[in-house]
Every structure is written in C-alpha cells, then in structure tokens.
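Asker: Chains as they are written, first to last, in my numbering: chain A, 11 to 333; chain B, 40 to 507. The structure follows.
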C-alpha cells in the first residue's frame, strides 16, 4: 500500500497522472470566471441575494426543532412545535383556506395571462396594442394597500360602482367585502386584475419567438386566425406554460400575505386566514418564532412535493419539465 | 523608599482625577418615532445629555434606529436576534421578552426615583403592580367622541347627556343635511374596523361595567356574553338600521374614518387621545376654516354613565429596561430626569424659538407646537406654563381622568392564547352580523354557544380561579 502511494507520488511529480475529475471542473470554472468575469460580476448580486435570503434560512429553519432563546443556547425540543401545530384546529383551518384560495387562483388566474397574450398578439393596430398593454400592465405597479382601497371603494354597498351597476338591473346592494361566500372571489379577481397584464409579458415574448414560417405555412394551408392560434401559437408556447405552471406550483401555498392582510376584516377573517398570515401573527406579533418556523417549514415541504408532482405531471403530459 | 512614596502618590492622584476624564456612560435606546436621522430628535437628545451632565450625570444616549412603520415587528426581530438596548420602547411583544427574562422588574427602581414616582397616574400605579416591566407615563388612552361645533349648533340640540339624546342628535344630523349636498347621506357616527370606539362611551350606559361580570348565578363570565352586552349590541344594530351608524365601519381604516369626518359623511368620530383630537381639529380647519370641535360626554343610560372601564392588567405600550443592561442606575436616572419639571419642559414644549417663545416668565406657543410630541412622558404632576391644547382636547383629558374606573381584566397564561384569539374572532364576526342585520338578536344564544365552543368556556373557568 505504502509502495503504491510512493509510486503514485512519483508519477504525479513526473506529470503523467491524469488529474482528478473535480480538479478538471475547478480548472474549467476558474478559466470560465476569468474569461467571462463581467457576466459573473453581473450575476453576483443575484447569487448573494439567494444565498442570504433563500439558502441561509434553510439552515436556520432548524429553530423549528428548538426552543428559541434570546440568551443562547437554544433548547432542542424535537417535534414539539409540529405536534402543537397539528393539534391546533386553527392551523388546519388556515391550511384549508390556503389550499382553497391557491387552488382558485391556479384555476382562474393562471390561464388569464395566456388569454391576454393571445388576444394582444391578435391586435393589429400598433398604437391600440400599446395603449392596451400599458393599461393592463399598470395595476402590477400598485401596492396591495392601494388595490385594497380601490376594491373596497368599488365594492361598497352604499356608493360602490359595482353595486351601482348591479342596481341598474334591479339587484339589491351587496357587501362583497363582508360576505363570507364572496370574499375569496374578491381575492381571486383582485389578483387577476393586478397580475394578468404583467404576467402576459412572458407569453407574449414566447409568441414573438415562434418561427414566422409556421404561420406562413399554415396560411398556405388555408388556416384561419383561430386555427393558427390553435395549431401554431398555443403549441409554440406550451413549454413556457409548462415551466410557469411548475414554478407556480412551487409557490402554490403562498397565497399572498400582503393581499390577505389588506383585504381582511373581522367578518371574513376565518375564510381568508392563510398559512402566511398565521406565520406572521404567531411569529412576528406574538414572538413564537419556533412555532412559526415549524408552520413555514411544513409549508415549504408541501411546496417541494407540489413542484415534484407538477414536474412529473408536465413531463408525462408535454414531455417537458423543469429538468 | 522615596520612589515607593512617589509611586503611591501618583497612583492615588490618577484615581482621583480619573472620573473627571472618564468617558460618558453609553445608554442605547430604541423608541418609536425617535431616529438619528431626524434633526429635532438628535437635538433633543443632545440637550438632555447636556442637562444631565450639568447635574453630574454624564451619559451618552445612542439612538437605535428602527422604522416607525411596523415598529413592533422590527423590534421583535431585533430583540430575538440578541441585540438588546438598555432602554426599550415596546408597542406590544413585551410579554415574550418577560418570559425569556430579558426585562427588568421596575418596582424597586421606581421607588428610588422621586420625580418618576411622583409623575405616575393612578392607572400607571395599578398596572405596574400587576405587570412591573412597562412604564408609560401618559393619561389613560380612551376613545372620546367629537363633533363640529357649528354642526351641533345647527341641529339646535344641546350636547347629548343620555343615550336618547345621542339618538336624537344622530337623527337630526341625518335628516338635517348639514353638509348641504342635498342628500340625507350623513351618518351620525362612524368608527374604524370595529365597535371598540362606541364601547368607550356606551359600555357603562348599558351596564357593561367591566371585562368580567357575575351572572345571575353569581359566576364570573366574560362580559361579551352577558345580557348587558346583548342590549348594547341591539342598540348599535338599531342605530345602523335607522341609518345613523355607518355600516361600512368594518372596512374603514382610521384614514377612511377621518376622511368621512372631514368631508361631512359622518358627524361624530372618536379620537383615541387628547393629542389626536387636536390633530382632528387642525385637519378639519384646513377643510373648513374657523371650525372648532366639541367634545361629547359619555351618556347616561339604563346601566349607568361613564367611560369604559380601563384595563389595568398591564401597560399596552411603554418603556422597559433591559435586565442585561450594565447601566441600570443611569437608565433610571435618565427616566427620572425626564419626569422632572426640567425634563418635562423640554419634552413637552419642544425648543425655545421654535415651538415656543419666552418673555420673562411668559411662554407663547408657536404654530410648530402642533407637530411636536413628547418622546418620553407626560407626567401627571406637571402643568404646562401656558396651555396650548384646544378646549376639546383639554376637556378630553379631564373627562378621561375624572371618569377613570379600573377594569378587572387580567393577563392570561400563554396556553390560553389560541382560546383568546378564537373567541375574539367569533365575537367580532357576530357583532357585525347583528349590526348589519345578517343575524337577528334572537340568535344571541347561537352566538354564545359558538363563543363558548371556541374556547370561551375554558376562559370563563380560568377567570373563576382568578376572580374571587
């Protein structure tokens, strides 16, 4: 064994021993960084952001298994916080609310940007198209505080525009913001209004990237506009749809803390209290960081499972997944 | 021998003169609306340091900057991260710190500070006895109703003294079209988020004397399931039904509530403190010059009269001292100075030449006084040389002090947090249902059953072990 090691050292000195694979990789990386350093420099802020705010917290999520102490050390409590969480009827209610609201958003909000992109692509007048694009992008730049104000005013039973319109058809005024049956739909529509235009950008970019020759060929085959959309445009953006679907599945359980906080009130709280608001309340407002981290960790694990499921589903359906 | 004597003498001299050249004691302080980027804050802190140094107490107050927006959350993150200043202003979240042994019991410390001890209000004394970690030397905070003086005069009615008077006033406002827009669309009263503000004046009127009351069987129960509470909620529902109480209170935040007041959509709103009433008055004058506000009194009703009983189980906000601080004497000296006449003059009146001018013993307030606020205390035993608050604001201070009644609320153990949260949600949701007409008052028993099932039974049982 010793003799073999000596031989190997000698061979290394002579320089005729192939380098380990990891050394080769390191070499490639170093050369790559030297060659493309301006691009790596541009990537650096993003990488630092993800390391600081996404990867380090993964390690710190260990406090879900500890009793956090301001004066260290933390005390190891194992699964105590998960047991507390799963024994709480409130947690199961907020989890159910999250699943319902996220499911509604996935079903009703996710397809809208695709439809908006398809419709915008069909607008022939350049100026009209620009005007529509600006109009539908605008809500994306408004904060949820402003959007909630707009919706509360628009849905007011006394002088809101929605009740004014329904009133013209003889309907009695309805307080949508305090109606436990309507409030989840208010969340869905407000999300749709805010994000449909902006999210359509990616689909528009994918549509623009479709080879024009395909449209020309379809035209020569006598396809009308609808057939071109159905047989050329939609198949052309399926990979983008699949990718965004999987990414959306990953944040499926993030039903938007800011939105819910701004739309909630005493009457509908039990209908729209979600995991994120629960974590915020328990963690930041009452200082139960460990319990809140347990809830957040549980949500993250479910999110990972959903990504995997969406990936496999997409692979089977379209042949394309995240990897 | 000579060398030894010289060495001893020089050492003694060094010890003698050392204090004169010692660095000031550093006190780290975190408070809401006190930041090192705001020049008036910095100037105020510097003159406090100078005044204390003149008294032989050399301290260096270092401000720990936290944003005003989301202050309680940011503070909680900072403290749980292990950064614990010597003096900490809490706006909630303090109980967790007490649980971890981070906050000092202030009782023995206050005993040693004459100015601070004399500056306490009666409710401060009771709260400190129950929870000796927070200090908030201000008059009790209680929402109090105000109305435009010219509107009250237009109704031709005197200021209301009874529950019926209030109803008559609200009706006169609704029917009188006081804002002159040709539509009878002005509500008599509006609130923000919930009915807490109405409770401030109507609880006593309907016999809701305290948070915990004894039922017919003599058992302690939460007041929210009593017949007195039922009568009060039925009254609120009748106000809404007659169009006198704004039904959209539940979706109104404080800014929307204020906006309704200034634009004439509501005639009566509640100010949470004397200072806030002054702010309302100032904003109202920007829209309607020469308008004054009038404070309204809590009405006499079937159950009595007075302001809602004030929770003395603990301060909801205030200053705490870190149990880990190495400069506790200095922190307390600072607090005692701020409670002294000299400290109060600085903290309450601002700067000479800016917030006030002085000629001999005469103080004259400038317009800037409206934007100045005390960073520490409003001592009970200090009287300003010249009152600068409005008549309504001064009346509010007097009213809340004269009507002070201590509540019997107490702090529940952490195990009851889920019950408290759930019963609160049930109460709030049902109150709106009753007021909006979605539920009739004949469904009161259904509400009580749901409240009990949500954890109310456990709360009542625990209360009976505390209240005898």
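Yeah, the Cβ is synthetic: ideal placement off N, Cα and C, and Gly gets one too.
Does DSSP classify residue 402 of chain B as helix, strand or coil?
Answerer: Strand at residue 402 of chain B.
Asker: Hey, quick one: how far does the alpha helix (DSSP H) through residue 89 of chain B stretch, first residue to last?
Answerer: Residue 89 of chain B -> alpha helix (DSSP H) spans 78 to 93.
Asker: Would you give the residue range spanned by the beta strand (DSSP E) that residue 413 of chain B belongs to?
Answerer: Residue 413 of chain B -> no beta strand (DSSP E), and no H or E assigned at all.
Asker: Just to confirm, are residue 455 of chain B and residue 501 of chain B a CB contact at a threshold of 8 Å?
Answerer: In this structure, residue 501 of chain B lies closer than 8 Å to residue 455 of chain B by Cβ.
Asker: In its own chain, which residues sit with a C-beta less than 6 Å from the C-beta of residue 12 of chain B, not counting the 5 before and 5 after it?
Answerer: This structure gives no information on residue 12 of chain B, because the portion of chain B shown stretches from 40 to 507.
Asker: Could you tell me the distance, in whole angstroms, from the CA atom of residue 184 of chain A to the CA atom of residue 234 of chain A?
Answerer: Taking the straight line from one Cα to the other gives about 44 Å.
Asker: Grouping DSSP H, G and I as helix and E and B as strand, with all else coil, what is residue 204 of chain B?
Answerer: Three-state DSSP puts residue 204 of chain B in a helix.
Asker: Are any of the Cβ atoms in chain A nearer than 8 Å to that of residue 289 of chain B?
Answerer: It does; some Cβ of chain A falls within 8 Å.
Asker: With 16 other CB atoms within 10 Å as the buried threshold, where does residue 201 of chain A fall?
Answerer: When all chains shown are included, residue 201 of chain A counts as buried.
Asker: What beta strand (DSSP E) runs, 3 residues minimum, are completely inside the region 351 to 408 of chain B?
Answerer: Counting whole runs of 3 or more residues, the region 351 to 408 of chain B contains the beta strand (DSSP E) stretches 357 to 360, 395 to 398, 401 to 404.
Asker: Less than 8 Å between the beta carbons of residue 157 of chain B and residue 499 of chain B, yes or no?
Answerer: Contact: no.
Asker: Is it buried or exposed, residue 165 of chain B, if we count other Cβ atoms within 10 angstroms and call 16 or more buried?
Answerer: That one is buried.
Asker: Cβ of residue 118 of chain B less than 8 Å from any chain A Cβ?
Answerer: Taking Cβ atoms only, chain A reaches closer than 8 Å to residue 118 of chain B, which makes this a yes.
Asker: By how many angstroms is the C-alpha of residue 231 of chain B removed from the C-alpha of residue 289 of chain B?
Answerer: In a straight line, the C-alpha of residue 289 of chain B is about 7 Å away from that of residue 231 of chain B.
Asker: Pick from B:480, B:371, B:474, B:451: whose alpha carbon is nearest that of residue 148 of chain B?
Answerer: For the residues B:480, B:371, B:474, B:451, the minimum Cα distance to residue 148 of chain B belongs to B:371.
Asker: Given 8 Å as the limit, is there contact between the region 326 to 336 of chain B and the region 185 to 199 of chain B, that is, 3 or more CB pairs closer than that?
Answerer: Short answer: they touch.
Asker: Mind checking whether residue 367 of chain B and residue 282 of chain B have CB atoms under 8 Å apart?
Answerer: Going by C-beta atoms, residue 367 of chain B is not nearer than 8 Å to residue 282 of chain B.
Asker: Looking only at its chain, what residues have a beta carbon closer than 8 Å to the beta carbon of residue 287 of chain A, apart from the 5 residues adjacent to it on each side?
Answerer: Closer than 8 Å at Cβ, skipping near neighbours: 104, 267, 270, 271, 274.
Asker: Residue 276 of chain A versus chain B: which residues are under 8 Å apart at the beta carbon?
Answerer: Within chain B, the residues near residue 276 of chain A are 232, 233, 289, 464, 467, 468, 470, 471.
Asker: Taking the C-alpha atoms as reference points, what is the distance between residue 166 of chain A and residue 197 of chain A?
Answerer: So the alpha carbons of these two residues sit roughly 15 Å apart.
Asker: What are the complete beta strand (DSSP E) segments, minimum 3 residues, inside the region 87 to 138 of chain B?
Answerer: Segments of the beta strand (DSSP E) lying fully in the region 87 to 138 of chain B: 98 to 103, 126 to 129.
Asker: Judging by CA-CA distance, which residue of B:110, B:106, B:140 is the nearest neighbour of residue 121 of chain B?
Answerer: Of the listed residues, the one whose Cα sits closest to residue 121 of chain B is B:140.
Asker: Residues of chain A with CB closer than 9 Å to the CB of residue 141 of chain B, please, in chain order.
Answerer: Within chain A, the residues near residue 141 of chain B are 80, 81.
Asker: Would you say residue 239 of chain A reaches chain B, if we count a Cβ-Cβ gap shorter than 8 Å as a contact?
Answerer: Not an interface residue.
Asker: Considering just the uninterrupted stretch of the beta strand (DSSP E) at residue 257 of chain B, what are its terminal residues?
Answerer: Note, residue 257 of chain B: premise wrong, no beta strand (DSSP E); not H, not E.
Asker: Please report how far the alpha carbon of residue 381 of chain B lies from the alpha carbon of residue 348 of chain B, in whole angstroms.
Answerer: So the alpha carbons of these two residues sit roughly 33 Å apart.
Asker: To the nearest angstrom, how far is it from the Cα of residue 92 of chain A to the Cα of residue 112 of chain A?
Answerer: Straight-line Cα distance between these residues: approximately 23 Å.
Asker: How far does the beta strand (DSSP E) with residue 68 of chain B in it extend, from its first residue to its last?
Answerer: From DSSP, the beta strand (DSSP E) with residue 68 of chain B extends over 64 to 69.
Asker: Kindly examine the ligand ATP and report whether one of its heavy atoms sits closer than 7 Å to the Cβ of residue 478 of chain B.
Answerer: Summarising the ligand content, the structure contains no ligands, and the ligand ATP is consequently not present.
Asker: Which residues does DSSP list as the beta-bridge partners of residue 349 of chain B?
Answerer: Partner(s): B:445.
Asker: Chain A beta carbons: is any one of them nearer than 8 Å to that of residue 221 of chain B?
Answerer: No, residue 221 of chain B lies away from the interface with chain A (no Cβ there is under 8 Å from its Cβ).
Asker: Does the beta-carbon of residue 284 of chain B have 16 or more other beta-carbons within 10 angstroms, so that it is buried, or is it exposed?
Answerer: Residue 284 of chain B should be labelled buried.
Asker: Apart from the five residues on each side of it in sequence, which residues of its chain come closer than 8 Å, Cβ to Cβ, to residue 441 of chain B?
Answerer: Contacts found: none.
Asker: Could you check if residue 67 of chain A is buried or exposed, using at least 16 other CB atoms within 10 Å of its CB as the buried criterion?
Answerer: With fewer than 16 Cβ atoms within 10 Å of its Cβ, residue 67 of chain A is classed as exposed.
Asker: Below 8 Å on the Cβ atoms is my contact criterion, and I expect residue 261 of chain A with residue 313 of chain A to pass it. Report the Cβ-Cβ distance as a whole number of Å.
Answerer: Sure, about 7 Å apart at Cβ, within 8 Å.
Asker: In terms of residues, what are the limits of the beta strand (DSSP E) holding residue 228 of chain B?
Answerer: Taken as a continuous stretch (DSSP letters only), the beta strand (DSSP E) holding residue 228 of chain B covers 226 to 228.
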